[in-house]
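A.B. asks:
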Amino acid sequence: MARVLRAIGQVLLYGAFAGVIGYFSVRPVYQAMAPDQALIKLSFSHAAQPVGACHQRTAEELARLPPNMRAPEVCPRERSPVTFELDLDGKTVVRAVLPPTGVARDGAARLYQRFPVQAGVHRVRVRLRDNVRDTGYTYTREGSINLVPGQVFVIDFNSRRGGFVFK
Amino acid sequence: MLKIIQSAGQTVFSRLDRLFSAVFGDRANPLYHLGALGFYFFWVVAVSGIYLYIFFETSTVAAYQSIERLTHDQWWLGGVMRSLHRYGSDAMVAVMFTHMTREFLFDRMRGPRWYSWFTGVPLIAFVYASGINGYWLVWDRLAQYIAVTTAEWIDWLPFFTEPIARNFLNEAAVSDRFFSLLSFLHIGIPLFLLLAMWIHIQRIAHARTNPPRRLAAGTLAALLVLSLAFPALSQGPANLDTVDARVGLDWFYLPLYPLIDRWGSGTVWALVGGSGLLLMVLPWLPYRKRDPVAVVSLPNCNGCGWCFADCPYSAVTLAPRTDGLPFDHEAVVNPELCIACGICVGSCPTATPFRRLTDLTPGIDLPDRNIRELRERTVAACAGLEGPARVLVYGCRHSAHADQLIAPGVTVLTVPCLAALPPSFIDFVIMRRQADGVLLAGCNRGNCHYRLGTDWTTQRLAGERDPRLRERVPRNRIEVFHGGRGWPDSLPEVLVQFRARLTSLAPLNEKPPHPAAKTPEQQHGAD
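Heads up: the protein sequence lines correspond to chains L and C, in order.
Here our numbering runs 226 ahead of the position in the first sequence, where the first position is 1.
Here our numbering runs 56 ahead of the position in the second sequence, where the first position is 1.
Right, here's the structure in full:
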C-alpha cells in the first residue's frame with residue numbers, strides 16, 4: 227500500500243514539475259503593446275560636419291612639418307553635434323542634440339528610439355542639422371503616413387541617399 | 057534580518073524535504089540532488105541540441121523553415137528533441153535557482169565554501185546567454201522580439217559606435233551571416249558554460265554530478281511526456297516589417313524583457329549588475345569569524361589517509377613524512393579549504409577514548425572542540441544518567457534539535473557533524489556501560505550540512521568504511537535518526553521507542569569502569 231501511495235505521489239510530483247516547466251515555458255502571454263498600435267522606429271548613425279572649417283597650410287607651415295606629414299589641407303578632428311527634431315501630427319515628440327561618439331569626438335552621432343503610436347494616418351516632419359556653423363536645418367522631410375496595426379515604420383537617415391529615408 | 061530570512065527559508069525547505077523524502081525516499085529526493093540535476097539537464101540539452109544542429113540551416117529564411125520541418129515532418133524524433141531541448145533548458149534554470157536559493161538559505165556559502173558560490177554566479181550569466189542565444193536561432197516572432205529588445209538593451213552600454221539594433225530595423229537589415237554567427241555562439245557559449253561548471257565543483261570532494269538513476273529516469277520521462285503532450289512550437293516566421301502585440305515568453309529565460317520595456321535598459325542593467333555583485337559578495341555578508349580549522353599532530357599521525365579520504369572539501373592531503381617517524385605519509389591541512397566540520401577527526405584511528413593517555417591527542421583534531429574534551433563531556437554527561445534505559449544522544453548541531461530530548465535518563469551532546477564522532481565513542485559508551493544505548497541524531501540522508509557526514513556515519517556503523525564500529529558493540533543498543541529540521545516531531549518518538557527497546561534487552565556484562573571515566577575532580581586527585 228505504501229509503495230502504491232509513493233508511486234502515486236511520484237507521478238503527481240513529476241507531473242507538477244512538468245506542468246510548471248511546460249506552462250511557464252510559453253505562458254502567460256506577454257502583451258508588448260496594444261493591439262491597435264503601430265511602431266515607429268527612429269534610427270540613424272551620422273558622421274556630422276567638422277566643428278571648424280578646413281584651411282590650406284602655408285608654405286612655412288608645411289616646411290615646419292616632417293616630410294611625411296605635409297598634408298596641404300588640415301581640418302579639425304572634432305565633429306559637430308547633430309540636432310534632430312521629429313514632429314508627429316504637429317507636435318514635437320523627439321528633440322535631441324546628439325554628440326559625436328569617440329574619445330576625440332570624431333565619430334558618428336547615433337540615435338535609436340522606438341515608440342508605439344495609434345494606427346491610422348499621421349503627419350510626420352523630421353529635421354536635422356549637422357553643422358554647428360549653420361543656423362538652419364540641413365535636412366528636412368515631411369509626409370503623411372498611414373499605419374496599420376502592427377506595422378513597423380522606420381525613419382532612417384543617409385546623407386548619401388539625400389537625407390531622411392522613410393521605410 | 058539575514059538570519060530571519062534563512063530561518064524561515066529553512067523551515068519551508070525542510071517541510072518540502074519531508075514531503076519529497078516521503079515520496080521519493082531520501083536517496084532520490086530531488087531537493088538533495090539539485091546540482092546534479094543541473095548537470096544532468098545540461099547533458100539532456102546538449103544531446104538534443106546536437107541532433108537539432110544536424111538539421112538546422114543557417115540562413116534568414118531557411119533557419120525558420122528547417123526547424124518547422126523538424127517539428128512537424130519529423131515530430132516523432134526531431135519534434136521531441138526540439139521540445140526536450142527547450143524544456144530541458146527551462147528545467148536547468150529551475151534547478152539552478154532552486155539550488156542557489158537552498159544553499160543560501162542553509163548558509164552553505166560561507167568560509168571555504170565561498171569558492172563554489174562565487175564561481176556559481178557567472179554560471180547564471182552563461183546559462184542565460186546560451187538560452188537566449190538559442191531562442192534567436194528559431195527566427196520566429198519570439199526570436200524577433202528577443203533580438204530587437206536584446207540589441208536595444210546592449211546598445212545602452214557605451215561600447216558600440218553603431219547601434220546593434222540597427223541590424224534589426226527591417227527585413228532588409230538582417231543577413232544570413234548573422235545566423236552563422238548565432239549558431240557559432242550557440243556552440244561556444246555552452247562550452248564555456250561546461251568549463252565554468254567544472255570550475256564550480258573543483259573544491260568539492262566526491263562531487264555528485266549525476267543524479268540517482270531513478271531520479272534521472274523520472275525527470276527524463278516527465279520531460280518526454282511533456283514534449284509529446286505539448287511540443288515546443290514556433291510562433292510564426294519573423295518579419296521585422298511588422299511587430300506582434302502579444303508574445304508567448306519563456307518566463308524562465310526572459311523575465312527581464314518586459315522589465316526592459318517598462319523600466320528602460322539602464323534600470324535593468326543596474327538591476328542585473330547590482331544583483332550579480334550582491335550575489336558575489338554574499339558569502340562575506342555579514343563578516344563572520346571562521347571556526348578554527350583542523351590541526352595535525354604529527355607525533356600521533358600515522359599517515360593512514362582516512363582523513364584524506366573522508367574530507368568533503370579536499371582540505372586534507374597526504375604529503376611525504378617530514379618528522380622521521382617510520383610512516384610514508386603525513387596528513388596536511390589546507391586552512392583555506394578546511395571548513396572545521398570535524399569529519400577528519402571522526403575518521404582518525406587515534407581519536408579513540410579508549411587510549412590510556414592523560415593527554416588524549418589524536419593525529420588530527422579541532423582546536424576548539426577537541427577529542428579530549430569530547431571524552432570528558434561524554435563521561436560527565438553519562439555520570440548523571442540514572443534509571444533504566446539510560447540514553448546518550450549525540451546530536452548534529454545542524455540537524456534536528458536534539459536538545460529537546462533532555463530528560464531523566466537521557467542526556468544530549470552536540471557535535472559539529474555525526475561523522476565528527478569517532479565510532480569508538482559509541483563503543484566506549486555502551487561497552488563501558490556509561491549508558492544503555494546511544495542515539496545518533498543527524499542530518500537527513502543526502503542532505504548533510506557537510507555533504508558526506510551521514511554517508512560516512514552509515515558506512516562506519518555498517519562496517520563498510522574505516523574507522524569501523526567494532527563488531528562487539530551490540531547494534532540493538534544504537535539508534536540512528538537521520539532527520540533534518542523538517543522532522544522535529546519524529547525525534548522524541550524515536551527516542552521513546554528506542555528506550556522501550558533498551559528496556560527489553562538483557563543487561564550487558566558488567567565491566568570495570570575505564571580510568572578515563574573518572575570525573576575531572578577525581579583525575580586531579582580529589583575524592
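Just so it is clear, CB atoms sit at the ideal spot from N, CA and C, and this is done for glycine as well.
Between L/Met259 and chain C, is any beta-carbon pair separated by less than 9 angstroms?
C.D. replies: As a working note, residue 259 of chain L is residue 33 in the first sequence. It does; some Cβ of chain C falls within 9 angstroms.
A.B. asks: Note down, in chain order, every chain C residue with its Cβ under 8 angstroms from the Cβ of L/Gly328.
C.D. replies: Mapped onto the first sequence, residue 328 of chain L falls at position 102. In chain order: Thr217.
A.B. asks: What residues match up with L/Asp382 in a beta bridge as DSSP calls it?
C.D. replies: Taking the first residue of the first sequence as position 1, residue 382 of chain L is located at position 156. The partner list for L/Asp382 (beta bridge, DSSP) reads L/Val391.
A.B. asks: Among C/Pro530, C/Ile427, C/His454, C/Arg259, which has the Cα closest to the Cα of C/Thr67?
C.D. replies: Walking along the second sequence from the start, residue 67 of chain C turns up at place 11. Answer by Cα proximity: C/His454.
A.B. asks: In this structure, how does DSSP classify L/Val277 when only helix, strand and coil are distinguished?
C.D. replies: As a position in the first sequence, residue 277 of chain L is number 51, starting the count at 1. Reduced to three states, the DSSP call for L/Val277 is coil.
A.B. asks: For the alpha helix (DSSP H) containing C/Cys452, list its first residue and its last residue.
C.D. replies: For the purposes of this step, residue 452 of chain C is taken as residue 396 along the second sequence, with counting starting at 1. That residue, C/Cys452, is in no alpha helix (DSSP H); its beta strand (DSSP E) goes 447 to 452.
A.B. asks: So what does DSSP say about C/Glu208, is it helix, strand or coil?
C.D. replies: As a working mapping, residue 208 of chain C is identified with position 152 in the second sequence. Three-state DSSP puts C/Glu208 in a helix.
A.B. asks: If you follow the alpha helix (DSSP H) that C/Tyr184 is part of, which residue opens it and which one closes it?
C.D. replies: In the second sequence, counting from the first residue as 1, residue 184 of chain C sits at position 128. Note, C/Tyr184: alpha helix (DSSP H), 170 to 194.
A.B. asks: Check the C-beta distance from L/Arg353 over to L/Thr366 and give it rounded, since I have them as a contact under 8 angstroms.
C.D. replies: If you number the first sequence from 1, residue 353 of chain L lands on position 127. If you number the first sequence from 1, residue 366 of chain L lands on position 140. With 8 angstroms as the limit, L/Arg353 and L/Thr366 qualify as a contact, their Cβ atoms being about 5 angstroms apart.
A.B. asks: Tell me which residue opens and which closes the beta strand (DSSP E) that L/Phe341 is part of.
C.D. replies: Your numbering for residue 341 of chain L matches position 115 in the first sequence. Here the beta strand (DSSP E) through L/Phe341 covers 335 to 344.
A.B. asks: Consult DSSP for C/Gly359 and reduce its assignment to one of helix, strand or coil.
C.D. replies: Within the second sequence, numbered from 1, the residue matching residue 359 of chain C stands at position 303. It is coil, neither helix nor strand.
A.B. asks: If you follow the alpha helix (DSSP H) that C/Thr67 is part of, which residue opens it and which one closes it?
C.D. replies: Within the second sequence, numbered from 1, the residue matching residue 67 of chain C stands at position 11. 58 to 80 is the extent of the alpha helix (DSSP H) around C/Thr67.
A.B. asks: Can you tell me which of the three DSSP states C/Leu564 falls into?
C.D. replies: Residue mapping note: residue 564 of chain C aligns to position 508 of the second sequence, counting from 1. Three-state result, C/Leu564: coil.
A.B. asks: Who are the Cβ neighbours of C/Asn503 in its own chain at under 6 angstroms, not counting the five residues just before and after it?
C.D. replies: For the purposes of this step, residue 503 of chain C is identified with residue 447 of the second sequence, where counting begins at 1. For C/Asn503, where only same-chain residues beyond five positions count, the Cβ hits under 6 angstroms are Tyr88, Gly540.
A.B. asks: To the nearest angstrom, how far is the alpha carbon of C/Thr116 from that of C/Ser231?
C.D. replies: Counting from 1 along the second sequence, the entry for residue 116 of chain C is found at position 60. Counting from 1 along the second sequence, the entry for residue 231 of chain C is found at position 175. Approximately 7 angstroms, taken between the alpha carbons.
A.B. asks: Would L/Arg387 be called buried (16 or more neighbouring beta carbons within 10 Å of its own) or exposed?
C.D. replies: For the purposes of this step, residue 387 of chain L is taken as residue 161 along the first sequence, with counting starting at 1. With fewer than 16 Cβ atoms within 10 Å of its Cβ, L/Arg387 is classed as exposed.
A.B. asks: Please identify, using Cβ separations under 9 angstroms, the residues of the stretch 304 to 338 of chain L that lie next to chain C, in order along the chain.
C.D. replies: Listed by position along the chain: Thr327, Gly328, Gly333, Ala334, Arg336, Leu337, Tyr338.
A.B. asks: For a quick check, are the C-beta atoms of C/Arg190 and C/His128 less than 9 angstroms apart?
C.D. replies: Counting from 1 along the second sequence, the entry for residue 190 of chain C is found at position 134. Counting from 1 along the second sequence, the entry for residue 128 of chain C is found at position 72. Before going on, a small fix: residue 190 of chain C reads as Gly here, not Arg. No. Outside cutoff.
A.B. asks: Across the stretch 259 to 275 of chain L and the stretch 292 to 307 of chain L, are there enough close Cβ pairs to call them in contact, namely three or more that are closer than 8 angstroms?
C.D. replies: The answer is yes - the stretch 292 to 307 of chain L touches the stretch 259 to 275 of chain L, with three or more Cβ pairs under 8 angstroms.
A.B. asks: Report the three-state DSSP secondary structure of C/Ile395 (helix, strand or coil).
C.D. replies: As a working mapping, residue 395 of chain C is identified with position 339 in the second sequence. Three-state DSSP puts C/Ile395 in coil, outside helix and strand.
A.B. asks: Tell me the start and end of each unbroken beta strand (DSSP E) in the stretch 313 to 392 of chain C that is at least 3 residues and wholly inside, in chain order.
C.D. replies: Listed in chain order, the complete beta strand (DSSP E) runs (minimum 3 residues) inside the stretch 313 to 392 of chain C are 372 to 376, 385 to 389.
A.B. asks: Could you please give the first and the last residue of the uninterrupted alpha helix (DSSP H) stretch that includes C/Ile243?
C.D. replies: As a position in the second sequence, residue 243 of chain C is number 187, starting the count at 1. That run of the alpha helix (DSSP H) goes 232 to 256.
A.B. asks: With 9 angstroms as the limit, tell me which residues of the stretch 262 to 288 of chain L have their beta carbon closer than that to any beta carbon of chain C; keep them in chain order.
C.D. replies: Within the stretch 262 to 288 of chain L, the qualifying residues are Asp262, Gln263, Ala264, Leu265, Lys267, Ser269, Phe270, Ser271.
A.B. asks: Roughly how many angstroms lie between the CA atoms of C/Val151 and L/Ile266, to the nearest whole one?
C.D. replies: Locating residue 151 of chain C in the second sequence gives position 95, counting from the first residue. Locating residue 266 of chain L in the first sequence gives position 40, counting from the first residue. C/Val151 and L/Ile266: Cα-Cα distance of roughly 40 angstroms.
A.B. asks: Comparing the C-beta of L/Ile247 with each C-beta of chain C, is any distance below 9 angstroms?
C.D. replies: If you number the first sequence from 1, residue 247 of chain L lands on position 21. For L/Ile247, the answer is yes, since a Cβ of chain C falls inside 9 angstroms of its Cβ.
A.B. asks: If I measure Cβ to Cβ from C/Ser77 and keep anything under 6 angstroms in the same chain, skipping five residues before and after, which residues do I get?
C.D. replies: Here residue 77 of chain C corresponds to residue number 21 of the second sequence, with the count starting at 1. Once the five neighbours on either side are set aside, the close Cβ partners of C/Ser77 are Asn85.
A.B. asks: Output the distance between the C-alpha atoms of L/Phe310 and L/Val319, rounded to the nearest integer angstrom.
C.D. replies: Here residue 310 of chain L corresponds to residue number 84 of the first sequence, with the count starting at 1. Here residue 319 of chain L corresponds to residue number 93 of the first sequence, with the count starting at 1. Going from the Cα of L/Phe310 to the Cα of L/Val319 covers about 11 angstroms.
A.B. asks: With burial defined as no fewer than 16 other Cβ atoms inside 10 Å of the residue's Cβ, what is the status of L/Cys301: buried or exposed?
C.D. replies: For the purposes of this step, residue 301 of chain L is identified with residue 75 of the first sequence, where counting begins at 1. Classification of L/Cys301: exposed, given that the 10 Å Cβ count is below 16.
A.B. asks: C/Thr575 to C/Glu432, Cα distance in whole Å?
C.D. replies: Numbered from its first residue, the second sequence carries residue 575 of chain C at position 519. Numbered from its first residue, the second sequence carries residue 432 of chain C at position 376. Reliability fails at C/Thr575, whose pLDDT of 47 lies under 50, so the model's placement of it is uncertain and the value that follows must be treated cautiously. Cα-Cα distance, rounded: 8 angstroms.
A.B. asks: So, with DSSP's three-state summary, where would you put L/Asn372?
C.D. replies: Position 146 of the first sequence holds residue 372 of chain L. Note: L/Asn372 maps to strand in three-state DSSP.
A.B. asks: Identify every run of the alpha helix (DSSP H) within the stretch 417 to 451 of chain C, keeping only runs that are complete inside it and at least 4 residues long; order them along the chain.
C.D. replies: DSSP runs (the alpha helix (DSSP H)) wholly in the stretch 417 to 451 of chain C: 427 to 439.
A.B. asks: To be precise: take each residue of the stretch 222 to 244 of chain C, compare its Cβ to all Cβ atoms of chain L, and keep it if any distance is under 7 angstroms. Which residues remain?
C.D. replies: Those residues of the stretch 222 to 244 of chain C that come within reach of chain L (Cβ to Cβ, closer than 7 angstroms) are Arg222, Leu225, Asn226.
A.B. asks: Give me the Cβ distance between C/Asp459 and C/Val468, rounded to the nearest whole Å; I'm assuming they're in contact under 8 angstroms.
C.D. replies: Here residue 459 of chain C refers to the residue found at position 403 of the second sequence. Here residue 468 of chain C refers to the residue found at position 412 of the second sequence. That pair is a contact at about 6 angstroms.
A.B. asks: Rounded to whole angstroms, what is the Cα-Cα separation between L/Arg232 and C/Gly322?
C.D. replies: By 1-based counting over the first sequence, the position of residue 232 of chain L is 6. By 1-based counting over the second sequence, the position of residue 322 of chain C is 266. Straight-line Cα distance between these residues: approximately 50 angstroms.
A.B. asks: Going along the stretch 362 to 386 of chain L in order, which residues come within less than 8 angstroms of chain C, judged by CB to CB distance?
C.D. replies: The residues in question are Pro375, Gly376, Gln377, Val378, Val380, Asp382.
A.B. asks: Quick check on DSSP: helix, strand or coil for C/Val529?
C.D. replies: As a first step, residue 529 of chain C must be located in the second sequence, where it is residue number 473. DSSP places C/Val529 in coil when its eight states are reduced to three.
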